[in-house]
Amino acid sequence: MTDIFDKCKRTHYSNQISPENEGETVKVTGWVHEIRDLGGIVFLLLRDKNGITQITAPSKKVSAEMMEDIRAARKETIITVTGTVQKSPKAPNGIEIIPSNIDIINVAQLPLPLDTTEKVDAELDTRLDSRFIDIRKHDVSAIFKIKSQMLHTARNYFYDHDFTEITTPKLVASATEGGTELFPITYFEKEAFLGQSPQLYKQMMMATGLDNVFEIGQIFRAEEHDTLRHLNEALSIDAEMSFRSQEDAMNTLESLIKTILANIQENCAKELEDLGHELDIPTEPFPVVSYDKVLDIVNSHDVEMNYGDDLSRAAEKVLGEEMGSYYFITEWPMSIKPFYVMPSTKDPEISTSFDLMYRDLELSSGSQRIHDYDLLYSRLEAKDLNPDSFEKYLEAFKYGMPPHSGWGMGADRLTMVLTGSKNIRETVLFPRDRRRLTP
Ligand code: ATP
Ligand code: MG
93 MTDIFDKCKR
103 THYSNQISPE
113 NEGETVKVTG
123 WVHEIRDLGG
133 IVFLLLRDKN
143 GITQITAPSK
153 KVSAEMMEDI
163 RAARKETIIT
173 VTGTVQKSPK
183 APNGIEIIPS
193 NIDIINVAQL
203 PLPLDTTEKV
213 DAELDTRLDS
223 RFIDIRKHDV
233 SAIFKIKSQM
243 LHTARNYFYD
253 HDFTEITTPK
263 LVASATEGGT
273 ELFPITYFEK
283 EAFLGQSPQL
293 YKQMMMATGL
303 DNVFEIGQIF
313 RAEEHDTLRH
323 LNEALSIDAE
333 MSFRSQEDAM
343 NTLESLIKTI
353 LANIQENCAK
363 ELEDLGHELD
373 IPTEPFPVVS
383 YDKVLDIVNS
393 HDVEMNYGDD
403 LSRAAEKVLG
413 EEMGSYYFIT
423 EWPMSIKPFY
433 VMPSTKDPEI
443 STSFDLMYRD
453 LELSSGSQRI
463 HDYDLLYSRL
473 EAKDLNPDSF
483 EKYLEAFKYG
493 MPPHSGWGMG
503 ADRLTMVLTG
513 SKNIRETVLF
523 PRDRRRLTP
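Counting from 93, one number per residue, gives the positions in the sequence shown under my numbering.
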């Protein structure tokens with residue numbers, strides 16, 4: 093008996109066959125995308141990860157037995173077709189295949205939970221419930237191919253710039269930044285939490301002499317928000333660098349984003365086309381706007397914002413209109429930034445922190461961090477946090493901690509920008525929000 097994998101051994105992916113292959117025998121494998129039976133001729137569209145191939149079976153050229161096999165091939169069934177390439181200007185890639193053999197590999201049940209050929213998309217909830225079929229659609233898989241390319245580029249960027257990749261625990265004993273945003277879990281006889289950020293660990297790594305570290309990992313936020321840009325489990329790209337200033341951290345972030353944009357532009361042309369999305373690629377340095385200036389801009393548009401307020405949604409919208417694509421906001425008040433953020437040398441009420449925005453979307457927050465033990469201790473107290481629960485973190489600052497800076501960037505939010513997705517759920521395989529824990 094022929095091994096099933098021998099039967100599936102394709103000679104070409106759909107996009108690798110062109111009119112130049114006319115007359116050649118090829119073998120293609122994939123899903124039955126669509127069948128049109130016109131009586132004397134059956135057209136079957138076969139889909140694989142790279143595109144679609146038309147199989148054309150005229151009863152004059154194909155045995156009656158094979159005509160029966162083709163007619164029996166249901167939508168989304170896995171089949172293998174061997175046949176001869178023929179030019180066909182109207183078919184995908186300008187070719188069709190006249191079959192000489194068809195193997196039915198695994199039959200799909202009917203009815204399908206989701207139709208891959210629908211012209212109008214199903215509701216997002218329905219799609220997410222059947223995500224494995226949803227991703228068969230090329231305009232959906234394009235998002236994940238671009239996300240993969242983005243992560244690949246980010247990793248390469250860090251490796252090329254002398255960073256060490258780290259992984260830190262997601263099961264943690266106490267809050268990173270205080271607050272109520274934590275998911276409690278049972279850890280044997282103790283209470284523990286899911287990590288909301290690798291912040292404390294990546295800072296502790298600054299005391300190890302590794303100098304530059306990065307982590308790409310999940311963060312968990314127990315916020316009850318129901319927005320298009322928040323999830324309860326998100327992917328974060330985190331970087332932390334010793335002996336580097338706020339400006340150095342901002343430059344690294346900007347140069348990483350520009351490298352990612354150039355790389356996606358070069359390597360994901362088909363995916364961008366499938367999505368009908370054009371990348372917004374800035375050629376100039378990202379503009380920098382101070383928090384004070386932000387207040388002026390927002391207030392001049394009749395949106396209320398007082399000194400010390402974080403950006404409301406309305407304020408973000410105004411800024412998005414005014415500032416264009418990528419821009420930094422700097423000189424935030426200390427009062428709305430986390431305890432580990434270094435105050436500015438010019439004014440202790442002003443922080444060294446920055447946010448990177450894309451229009452009305454926050455992509456990243458970063459800063460120079462406090463490296464001085466006593467200052468860090470007093471900042472914890474000033475934020476009403478109990479230094480005792482940060483004991484192990486604080487120890488790293490006692491025995492030689494370099495000055496350092498860093499940032500965390502939402503990888504799913506960056507994917508929204510790269511793919512033109514309006515809802516963060518589109519950019520996550522299996523999103524976790526207030527209502528969704530499966531699949
Ligand atoms: P926001 O104000 O938009 O809620 P944040 O300031 O609370 O974000 P940070 O703690 O600064 O978020 O986290 C760093 C980055 O991680 C953010 O800029 C964002 O890109 C991403 N991020 C944070 N929370 C979420 C979330 N709930 N879902 C998706 N991405 C998130
Ligand atoms: Mg932030």
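Here a beta-carbon is modelled for each residue, glycine too, at the ideal position from N, C-alpha and C.
Contacting residues, own chain, Cβ-Cβ under 6 Å from residue i (five flanking each side not counted)
i	result
D504	A326, L327, I516, T519 and V520
S151	G132 and M159
R128	F135
M449	Y419
I308	I329
T121	C100, R102 and T172
Among the options, nearest to residue i - alpha-carbon criterion
i	options	result
L320	R405, D140, N359 and V386	R405
L468	L274, E483, S457 and E454	E483
T351	G368, A246 and L274	A246
R528	T208, T218, K211 and D95	T218
T437	K429, S427, E423 and F431	E423
L506	I421, I235 and G416	I235
S470	M434, Y293, S456 and T256	M434
A474	S481, D480 and F431	F431
D303	V177, E408 and T256	T256
P203	E168, A183 and N398	E168
Q338	G416, D447, Y279 and I349	D447
F540	D340, T300, P276 and A341	Residue 540 is absent from the model: the chain starts at 93 and stops at 531.
Cβ-Cβ separation, residue j to residue i (assumed contact under 8 Å), whole Å
i	j	result
I162	V134	5 Å
I389	E370	About 27 Å; that fails the 8 Å criterion.
V199	R166	6 Å
N185	S106	7 Å
Y485	M296	6 Å
Q53	K262	No answer is possible for residue 53: it lies beyond the span of the chain, which begins at 93 and ends at 531.
Heavy atom of ligand 1 within 6 Å of residue i beta-carbon
i	result
S266	no
L345	no
E454	yes
R336	no
H322	yes
G131	no
R505	yes
G500	yes
A314	no
A326	yes
Cβ-heavy atom distance, residue i to ligand 2, below 6 Å
i	result
S470	no
S457	yes
Nonlocal neighbours in the same chain, by C-beta distance under 8 Å from residue i, ignoring five residues either side
i	result
S443	E423, W424, P425, M426, K429, V433, M434, P435, S436 and S459
beta-carbon residue i near ligand 3 non-hydrogen atom, thresh 6 Å
i	result
E168	With respect to ligand 3, the structure shown offers nothing to examine, as its ligands consist of ligand 1 and ligand 2.
Close beta carbons around residue i, own chain, < 7 Å, minus the five adjacent residues each side
i	result
L348	A246 and Y249
Touch check for the region 373 to 388 and the region 485 to 499: three-plus C-beta pairs under 8 Å?
no
Three-pair Cβ contact test at 8 Å for the region 482 to 496 versus the region 214 to 225
no
Examine the Cβ distances between the region 273 to 293 and the region 358 to 365 and report whether three or more of them are shorter than 8 Å.
no
For the region 137 to 152 against the region 173 to 192, are there 3 or more C-beta pairs whose distance is under 8 Å?
yes
For the region 252 to 264 against the region 452 to 462, are there 3 or more C-beta pairs whose distance is under 8 Å?
no
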